[in-house]
Amino acid sequence: MPFDKKFKIMKHISVIDLLASTAIHQEFTVKGWVRSFRANQFVALNDGSTIKNIQCVVDFENTDPALLKRITVGAAVSITGMLEESQGAGQRVEIKVKTIEIAGDADPEEVKLTILSPKRHSLEKLREQAHLRVRTNTFGAIMRLRSKLAFAVHEYFNKNGFYHAHTPIITGSDAEGAGEMFRISALDPENPPKNEDGSIDYSQDFFDKETNLTVSGQLEAETYALGLGKVYTFGPTFRAENSNTSRHLAEFWMIEPEVAFCDLDGNMDLAEDFIKYVINYALENCQDDLEFLENRLVQEDKSKPQAERATMLLRDKLKFVVENNFKRVSYTEAIDILRNSKPNKKKKFKFPIDQWGADLQSEHERYLVEKHFECPVILFDYPANIKAFYMRLNEDGKTVRAMDILFPGIGEIVGGSQREERLDVLKDKMAELDIPEEELWWYLDTRKFGTCIHSGFGLGFERLVLFATGMTNIRDVIPYPRFPGHAEF
RNA sequence: GAUAUUGUAGCUCAAUGGUAGAGCAAAGACUUGUUAAGUCUGAAGUUGUAGGUUCGAAUCCUUCCAAUAUCGCCA
Numbered sequence: 005m006p007f008d009k010k011f012k013i014m015k016h017i018s019v020i021d022l023l024a025s026t027a028i029h030q031e032f033t034v035k036g037w038v039r040s041f042r043a044n045q046f047v048a049l050n051d052g053s054t055i056k057n058i059q060c061v062v063d064f065e066n067t068d069p070a071l072l073k074r075i076t077v078g079a080a081v082s083i084t085g086m087l088e089e090s091q092g093a094g095q096r097v098e099i100k101v102k103t104i105e106i107a108g109d110a111d112p113e114e115v116k117l118t119i120l121s122p123k124r125h126s127l128e129k130l131r132e133q134a135h136l137r138v139r140t141n142t143f144g145a146i147m148r149l150r151s152k153l154a155f156a157v158h159e160y161f162n163k164n165g166f167y168h169a170h171t172p173i174i175t176g177s178d179a180e181g182a183g184e185m186f187r188i189s190a191l192d193p194e195n196p197p198k199n200e201d202g203s204i205d206y207s208q209d210f211f212d213k214e215t216n217l218t219v220s221g222q223l224e225a226e227t228y229a230l231g232l233g234k235v236y237t238f239g240p241t242f243r244a245e246n247s248n249t250s251r252h253l254a255e256f257w258m259i260e261p262e263v264a265f266c267d268l269d270g271n272m273d274l275a276e277d278f279i280k281y282v283i284n285y286a287l288e289n290c291q292d293d294l295e296f297l298e299n300r301l302v303q304e305d306k307s308k309p310q311a312e313r314a315t316m317l318l319r320d321k322l323k324f325v326v327e328n329n330f331k332r333v334s335y336t337e338a339i340d341i342l343r344n345s346k347p348n349k350k351k352k353f354k355f356p357i358d359q360w361g362a363d364l365q366s367e368h369e370r371y372l373v374e375k376h377f378e379c380p381v382i383l384f385d386y387p388a389n390i391k392a393f394y395m396r397l398n399e400d401g402k403t404v405r406a407m408d409i410l411f412p413g414i415g416e417i418v419g420g421s422q423r424e425e426r427l428d429v430l431k432d433k434m435a436e437l438d439i440p441e442e443e444l445w446w447y448l449d450t451r452k453f454g455t456c457i458h459s460g461f462g463l464g465f466e467r468l469v470l471f472a473t474g475m476t477n478i479r480d481v482i483p484y485p486r487f488p489g490h491a492e493f
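Quick note on numbering: the first sequence equals residues 5 to 493 in my numbering.
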């Protein structure tokens, strides 16, 4: 039984249920926000349950003009009336209004200064009013899709025998090496206790040590994989990097599965299967929102030169990902492809590829994904010296069992690896990179007590939402984006 | 952090160094089965900021601020 019926919390029906209802000539109460009020009688009402509006027809000749005047764009209203078949062409059913109550007024003179005013607004303008943008069609669609995708993430792992591990947000280890961290402290910033050498004495802080916001739950997830077998984390992650791009955030949500007795091949299989499941879930469960976002992109493309237009519609692009295998290519093969590529020979790359061992720049990744293979690509077996300390060293002694998944238009969406399970090799690597063993004693313990082959990856949730929605700026797929200089709202 | 571009009405944009203008939105009136409704009317501006060049600056120069894109770091 639906929650609303069971607990009688809501005495009104949602728009999504009303639009699907066949209860013609029955009375309903519906509550939402006025999207438009046409011809003094047609209220387009939206309550967020779906991108679609319910049309409510007001008998304006028998309604107090003072009340009609308060039915303005953005106002919250409660409408009671009969569900009837619509005489107009745009909708199957509509509500013949019996009573209309203004729950919350919206002064048109003030509404016109906001993005609520009924016209097209740029995404930049919407970003400045992030608290109101969820009331627009575009952001309603994006955020409903984001919510559904998050649900699909949990559903996938739950169906496949994974346990959700809640790894800490506050971390006492600063050896993860995934980026600059945000320090957290309860000390008086005006007058912190000092050591003799003038540095801040964190032993007097809340946790008796220096602590930060997590940059990754991976190390903790590894310890849980080596007990629960298959685990995943899905939570906020923080990076204090001064990154100003359309695909980086200082606060983002990361999905990190970790699996015991799983090698890199199994890891790639998991990542590919997972992504396909989640994208397919959106295709099957978010059709109205995807249709709207697809049309939005088509409209946007019309103002672009032919060469910059999308070659595939949004939903076709998603279907393509679901139905086709990702191309798996070793780093060494990728270097060969790039070295012999036209842009490399014609010196079109800003960073020419000449020898094995070079880190791939985004221009190279884009070439592989968007020009050469034209599909998602999994790159694996990277040179050891450009990757993190915990990745499994291959028998060749120079590559590690790392893999990145590259998506068209987005770049790196997944970064993962088989983890180094051999205690001596791991210790040598840490010594090489000056990572103190004392910091990670608990992590090293996993390699002492019943170590085993295991693998995992990190997937940036917002990058997945970017791909699924066809949006191009990551700040538009999270309610309140955090990036350098921006923590408003 | 680097580079580039942009900043004019609520929004999207015009304006050769010479009177700041249009569309949309909003307001008022009319119309009333509309689908981003329609018709008419009036209103709306310290051209991001601070300085400079010039008889004259939205326009040229400099400072600062902001936004966006690309790059680096990554997810």
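A virtual CB, placed ideally from N, CA and C, is assigned to each residue, including glycine.
Classification of residue i by the beta-carbon crowding that lies within 10 angstroms, buried from 16 upward
i, result
"PHE166", "buried"
"CYS290", "buried"
"HIS458", "buried"
"SER307", "exposed"
"GLY231", "exposed"
"PHE516", "This structure does not reach residue 516, given that the chain is present from 5 up to 493, and the question cannot be answered."
"TRP37", "buried"
"TYR371", "buried"
"ASN216", "buried"
"SER220", "buried"
"PRO261", "buried"
"SER126", "exposed"
"SER366", "exposed"
"PHE493", "exposed"
Spatial neighbours of residue i in its chain, beta-carbon cut-off 6 angstroms, leaving aside the 5 residues before and after
i, result
"ALA110", "THR76, GLY78 and ALA79"
"ARG148", "ASP293"
"ILE482", "GLU466"
"ILE382", "MET272, PHE330, ARG332, MET407 and ILE409"
"LEU3", "Residue coverage of the chain in this structure runs from 5 to 493, which leaves residue 3 outside it and unanswerable."
"THR227", "THR450"
"GLU184", "ALA244 and GLU245"
"ARG251", "ILE478"
Backbone CA spacing between residue i and residue j [nearest angstrom]
i, j, result
"ASP428", "PRO380", "36 angstroms"
"LEU297", "CYS266", "38 angstroms"
"THR33", "ILE104", "10 angstroms"
"ARG39", "ALA70", "19 angstroms"
"LEU49", "HIS490", "33 angstroms"
"GLY415", "ALA388", "21 angstroms"
"PRO112", "PHE242", "40 angstroms"
"GLY94", "VAL115", "26 angstroms"
"SER334", "PHE384", "5 angstroms"
"THR175", "ILE204", "18 angstroms"
"ILE188", "GLU214", "8 angstroms"
"THR455", "LYS352", "47 angstroms"
"ASP305", "SER345", "29 angstroms"
"LYS129", "LEU301", "18 angstroms"
"ASP51", "GLU425", "52 angstroms"
"HIS168", "ALA264", "15 angstroms"
"PHE461", "ASP358", "29 angstroms"
"GLU98", "ALA27", "11 angstroms"
"THR171", "GLU224", "6 angstroms"
"THR218", "PHE471", "25 angstroms"
First through last residue of the alpha helix (DSSP H) which encompasses residue i
i, result
"GLU367", "366-370"
"ASP385", "From DSSP, ASP385 is part of no alpha helix (DSSP H) but of the beta strand (DSSP E) over 381-387."
"ILE20", "19-24"
"ILE279", "268-289"
Contact test: residue i Cβ vs the ligand NAD heavy atom, cutoff 8 angstroms
i, result
"LYS375", "As presented, the structure is devoid of all ligands, the ligand NAD included, so that no description of it is given."
8 angstroms CB neighbourhood of residue i in its chain, flanking five on each side removed
i, result
"ARG96", "LEU23, GLU89 and SER90"
"PHE41", "VAL47, ALA48, ILE75, THR76 and VAL77"
Unbroken beta strand (DSSP E) run spanning residue i, endpoints
i, result
"HIS158", "It is not in any beta strand (DSSP E) - HIS158 instead sits in the alpha helix (DSSP H) that spans 141-163."
"ASN50", "46-50"
"THR336", "Counting along the chain, THR336 falls outside any beta strand (DSSP E), though it belongs to the alpha helix (DSSP H) covering 335-343."
"ASP408", "403-411"
"TYR484", "It is not in any beta strand (DSSP E) - TYR484 carries neither H nor E in the DSSP assignment."
"VAL219", "Where VAL219 is concerned, there is no enclosing beta strand (DSSP E), given that its DSSP letter is neither H nor E."
"TRP37", "31-42"
"MET258", "255-264"
Same chain, Cβ closer than 7 angstroms to residue i, five either side skipped, listed in chain order
i, result
"THR473", "ILE146, LEU149, LEU297 and VAL481"
"PRO347", "PHE353 and TYR371"
"ILE106", "ARG74, ALA79 and VAL81"
Using 8 angstroms as the cut-off, can you tell me whether the region 108-122 makes contact with the region 225-244, which would need three or more C-beta pairs spanning the two stretches below that distance?
No, because fewer than three Cβ pairs between the region 108-122 and the region 225-244 fall closer than 8 angstroms, the two stretches do not touch.
Is it the case that the region 249-257 contacts the region 136-147, given that we only count it when at least three CB pairs across the two stretches are under 8 angstroms?
Contact between the region 136-147 and the region 249-257 is absent, because fewer than three Cβ pairs lie under 8 angstroms.
Can you confirm whether the region 425-439 touches the region 359-379 when touching is taken to mean that 3 or more C-beta pairs between the two stretches lie within less than 8 angstroms?
When C-beta atoms of the region 359-379 are compared with those of the region 425-439, fewer than three pairs fall below 8 angstroms, so the two segments do not count as touching.
Do three or more CB pairs link the region 390-404 to the region 280-290 at distances below 8 angstroms?
Contact annotation: the region 390-404 does not touch the region 280-290, with fewer than three C-beta pairs closer than 8 angstroms.
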